[in-house]
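Q:
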Amino acid sequence: MIFEAIAELIAERNDCPVSDITPESTFADFGIDSLDTVEMLMNLEDKVGIEIELDEKVETVGELVEFIERKMKEQQ
Numbered sequence: 032m033i034f035e036a037i038a039e040l041i042a043e044r045n046d047c048p049v050s051d052i053t054p055e056s057t058f059a060d061f062g063i064d065s066l067d068t069v070e071m072l073m074n075l076e077d078k079v080g081i082e083i084e085l086d087e088k089v090e091t092v093g094e095l096v097e098f099i100e101r102k103m104k105e106q107q
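Just add 31 to wherever you are in the sequence shown, counting from 1, and you've got the numbering used here.
1. According to DSSP, which residues form a beta bridge with residue 57?
2. Is the beta carbon of residue 71 sitting closer than 9 Å to the one on residue 44?
3. Residues in its own chain within less than 7 Å of residue 74 by CB, not counting five upstream and five downstream?
4. Could you tell me the boundaries of the alpha helix (DSSP H) in which residue 69 lies?
5. When you compare the CB positions of residue 107 and residue 82, do they come within less than 9 Å of one another, or not?
6. So for residue 51, helix, strand or coil by DSSP?
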């Protein structure tokens with residue numbers, strides 16, 4: 032669910048197919064910098080209904096998915 036939501040946001044932002052995005056994809060692959068990541072996280076918060084404070088460096092889509100899933104467990 033989280034991966035799909037992130038992939039959809041990246042695909043919308045970059046006007047590319049969701050199928051182009053894998054857990055191994057880096058944000059740099061899509062020209063996404065740290066400011067873009069923050070904006071994407073705000074959109075993701077709205078989609079998944081939790082607050083996400085990025086307090087560690089993530090470079091791939093998979094790392095971001097793992098980070099968010101960990102935060103979701105902590106909030107339960």
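No residue lacks a Cβ here, since even glycine has one placed at the ideal position from N, Cα and C.
A: Here's the rundown:
1. Start at 1 with the first residue of the sequence shown, and residue 57 comes out as number 26. In DSSP, residue 57 forms a bridge with 91.
2. Looking up residue 71 in the sequence shown gives position 40. Looking up residue 44 in the sequence shown gives position 13. Yes, they are a contact pair.
3. The residue labelled residue 74 in the question sits at position 43 within the sequence shown. Closer than 7 Å at the Cβ level, and outside the excluded window around residue 74, lie 40.
4. In the sequence shown, residue 69 corresponds to position 38, counting from 1. Residues 65-79.
5. One-based indexing of the sequence shown puts residue 107 at position 76. One-based indexing of the sequence shown puts residue 82 at position 51. Not in contact: residue 107 and residue 82 (Cβ atoms no closer than 9 Å).
6. The sequence position of residue 51 within the sequence shown is 20, counting from 1. Three-state DSSP puts residue 51 in a helix.
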